[in-house]
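Start counting the sequence shown at 10; every next residue gets the next number (this note's numbering).
Have a look at the structure below before the remarks.
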Amino acid sequence: MPVNKKIKELQEKRRRVLLGGGEQAIEKQKAMGKRTARERIMSLLDKDSFIEYDLFVEHDARDFDMDKKSLPSDGVIIGTGTIYRAPVAVYAQDFTVAGGSLGLMHSRKITKIMDHALKMRMPLIGINDSGGARIQEGVNSLAGYGEIFFRNTISSGVIPQISVILGPCAGGAVYSPALTDFVFVVDNISKMFITGPEVIKTVLGEEISMEDLGGAKVHSEVTGNAHFFAKSEEECFEQIKRLITFIPWNNSRKAKAFEPGEPDKTYDPEKIVPDDPTLPYDVKDVIRSVVDKSDFFEIMEHYAKNIVIGFGRMGGRTTGFVANQPLEMAGVLDVDSSDKAARFIRYCDAFNIPIITLVDVPGYLPGVDQEHAGVIRHGAKILYAYSEASVPKLTVILRKAYGGGYIAMSSRHLRADFVFAWPTAEIAVMGPEGAANIIFRKEIMSSDDPEGTRKQKVEEYKAKFANPYVAAARGYVDAVIEPKETRRFLLHAIEISENKSVKLLEKKHGLPPF
Ligand code: HXC
């Protein structure tokens with residue numbers, strides 16, 4: 010056959026495969042507000058940067074008349090490309106082909122691109138839109154999932170792994186996203202659950218919609234499985250691209266540095282914390298008052314809002330922020346906020362990102378619910394994560410730092426490199442009211458004016474302990490600073506920590522309170 014004809018033949022073969030599950034299936038996909046798998050990849054990557062592999066892979070199943078069916082590309086697109094010129098490996102499941110279900114060859118394509126990502130040390134982005142294990146392929150589908158989970162695990166902490174849920178992600182399929190670093194969901198499109206509404210109805214007799222069971226809002230606000238929530242696929246891709254600018258390609262590099270810029274003057278650190286220590290304020294304003302260009306990229310914005318986590322840049326370098334949020338439950342630590350913060354601290358540590366911790370915490374949340382939900386075990390995760398983290402750790406105590414909360418929030422005792430405190434800081438075992446009621450109980454009870462005595466004792470306690478100077482006198486706080494000096498102190502600390510080197514004890518691995 011002449012070369013020209015062979016080229017034409019290739020073009021024709023490509024054209025057929027690129028149609029995926031066919032026009033009708035594509036129309037159905039669009040009617041649901043979803044893009045096709047290839048459109049998704051093109052929207053995410055730099056223009057003309059995507060190179061696709063395994064276009065002509067076909068399934069190998071024989072049972073249930075599968076030998077008579079052709080499944081173009083076996084329902085998944087794989088390839089490499091760039092985002093803002095950073096290399097990325099991508100796979101996107103094609104729901105128009107057998108519901109994006111995962112059979113043996115489909116899984117081999119995914120594991121091929123995962124292996125490339127790990128070998129080449131570049132981020133992996135998986136776009137999930139699938140009915141789960143391909144029922145006709147039996148144990149081969151299960152084997153495929155197992156191979157993916159294994160690779161997710163060994164790649165963890167070496168390359169960034171990002172999961173995007175743009176359709177159903179059902180059954181065991183949810184565990185690949187759960188093993189990755191960041192999960193993105195889109196309102197009305199993402200659905201994640203282990204057992205669907207049908208099974209729940211059969212087994213438990215309960216009726217629930219797919220949305221209420223495992224929709225985007227549920228995973229962003231209730232379960233904490235999702236890290237980013239978007240209203241549309243377009244917004245979701247913008248979020249992913251932004252995230253990519255903050256993280257390094259792999260664990261042996263640092264994130265790309267950007268041009269530094271001063272924070273917006275409207276965030277005046279002197280005016281954020283109210284005079285009355287019982288009044289709340291938005292700690293994100295404190296972050297915006299110190300971070301370059303006041304640009305803060307929040308993660309898990311809608312979950313466990315009593316703690317705020319996210320990325321910003323200090324002097325152009327990516328920095329992780331962990332901050333108690335007085336606007337929400339007075340910024341107390343509880344089961345969910347401990348989980349949220351601990352995982353983020355470990356992410357920053359794995360990928361060479363310094364951590365700035367802003368403290369205003371009344372302690373761990375008391376109560377039967379929290380105790381029974383395991384606040385001891387979950388709360389310990391923060392202690393573990395901070396203690397083990399060897400990246401530069403900078404702490405600023407803004408106001409309350411009480412009890413276990415003081416220790417947990419990157420205190421000197423967990424090896425913070427620099428601890429600064431504002432003059433408004435109150436570092437003590439507990440709040441003045443509670444403390445006075447306990448240690449002066451006898452005096453208060455036996456007084457002719459118990460309320461007056463109580464007030465006087467509270468004031469005495471405040472004068473003695475509710476300040477940063479007792480901690481500063483022991484060197485637990487390195488400097489008491491004016492709020493307006495915060496950025497200068499932090500920038501300096503980040504700069505001189507650039508080559509921080511700490512060797513942890515040699516061991517196979519520790520046993521964090523998972
Ligand atoms: C084979 C599947 C499939 C699957 C969907 N399809 N899921 N084929 N195996 N798991 C096919 C359908 O037969 C259909 O083919 C096409 O994909 C589109 O599916 P529809 O049902 O028409 O789409 P929709 O109405 O949008 O419903 C989507 C859905 C539903 C909610 C995902 O398809 C569904 O419930 N699928 C099964 C989900 C599930 O239980 N999966 C197994 C989970 S167990 P045609 O030819 O008609 O177009 C599991 C174990 C893994 O995953 C364990 C790993 C550890």
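Just so you know, even glycine gets a beta-carbon here, dropped at the ideal spot from N, CA and C.
From a predicted model like this one, the values you see are computed outputs, not experimental measurements.
**Prompt:** If you check the beta carbons only, do residue 376 and residue 411 fall under 8 Å apart?
**Reply:** no
**Message:** Suppose the cutoff is 6 Å on Cβ atoms and the five residues either side in sequence are ignored; what does the same chain contact list for residue 28 look like?
**Reply:** none
**Request:** Using the DSSP secondary-structure output, state which residues sit across from residue 177 in a beta bridge.
**Result:** 200
**Prompt:** Is it true that the CB of residue 102 sits closer than 8 Å to the CB of residue 139?
**Reply:** yes
**Asked** What are the start and end residues of the beta strand (DSSP E) that includes residue 333?
**Response** 326-333
**N-terminal and C-terminal residue of the beta strand (DSSP E) that residue 102 is part of** = 95-102
**residue 100: CB within 7 Å of a non-hydrogen atom of the ligand HXC** = no
**Asked** Hey, quick one: how far does the beta strand (DSSP E) through residue 366 stretch, first residue to last?
**Response** 364-370
**Request:** Classify residue 64 as helix, strand or coil using the three-state DSSP reduction.
**Result:** coil
**Request:** With hydrogens ignored, establish whether the beta-carbon of residue 136 is closer than 7 Å to any heavy atom of the ligand HXC.
**Result:** no
**Item:** 4-residue-minimum alpha helix (DSSP H) runs that sit fully inside the region 334-405, ordered along the chain
**Value:** 344-359, 377-382, 384-397
**Message:** Determine whether the beta carbon atoms of residue 67 and residue 114 lie at a separation below 8 Å.
**Reply:** yes
**Request:** Could I get the ranges of all uninterrupted beta strand (DSSP E) runs contained in the region 95-160, with 3 residues as the minimum, in chain order?
**Result:** 95-102, 133-139
**Request:** Answer yes or no: do residue 365 and residue 330 have a C-beta to C-beta separation smaller than 8 Å?
**Result:** yes
**Prompt:** Is the distance from the Cβ of residue 332 to the Cβ of residue 292 below 8 Å?
**Reply:** yes
**Prompt:** Alpha carbon to alpha carbon, how far is residue 477 from residue 168?
**Reply:** 40 Å
**Message:** Does residue 488 come out as helix, strand or coil in the three-state DSSP assignment?
**Reply:** strand
**Request:** Report yes or no: do the region 285-303 and the region 379-395 share at least 3 C-beta pairs separated by less than 8 Å?
**Result:** no
**Item:** For residue 172, three-class secondary structure by DSSP
**Value:** strand
**Asked** Is it right to say residue 484 is buried, meaning 16 or more other beta carbons lie within 10 angstroms of its own, or is it exposed?
**Response** exposed
**Item:** residue 428: first and last residue of the uninterrupted beta strand (DSSP E) it sits in
**Value:** 427-430
**Message:** Please list the terminal residues of the continuous alpha helix (DSSP H) segment that includes residue 30.
**Reply:** Note, residue 30: premise wrong, no alpha helix (DSSP H); not H, not E.
**Message:** Out of 64, 199, 401, 231, which one is the CA nearest neighbour of residue 508?
**Reply:** 401
**Request:** Please go through the region 409-472 and give each complete alpha helix (DSSP H) segment of 4 or more residues, from N-terminal end onward.
**Result:** 412-417, 441-448, 450-455
**Message:** For the ligand HXC, is there any heavy atom lying closer than 7 Å to the beta carbon of residue 144?
**Reply:** yes
**Prompt:** Taking 7 Å as the line, does the beta carbon of residue 199 fall inside it for any heavy atom of the ligand HXC?
**Reply:** no
**Message:** For residue 211, report the span of its alpha helix (DSSP H) as first-last.
**Reply:** 206-213
**Message:** Alpha carbons only, please: which of 105, 88, 55 is nearest the one belonging to residue 40?
**Reply:** 105
**Request:** May I ask whether a heavy atom of the ligand HXC can be found less than 7 Å away from the beta carbon of residue 154?
**Result:** yes
**Request:** Locate the beta strand (DSSP E) running through residue 494, then write down its first and last residues.
**Result:** Note, residue 494: premise wrong, no beta strand (DSSP E); not H, not E.
**Buried or exposed (CB count within 10 angstroms, at least 16 for buried), residue 285** = exposed
**Item:** alpha helix (DSSP H) segment containing residue 249, residue limits
**Value:** 242-255
**Message:** So, with DSSP's three-state summary, where would you put residue 523?
**Reply:** coil
**Prompt:** How should residue 11 be labelled, buried or exposed, when 16 other C-beta atoms within 10 angstroms of its C-beta is the threshold for buried?
**Reply:** exposed
**Asked** For residue 159, which option in 137, 196, 119 has the closest C-alpha, if you only look at C-alpha atoms?
**Response** 119
**Item:** Length of the line joining the Cα atoms of residue 230 and residue 313
**Value:** 8 Å
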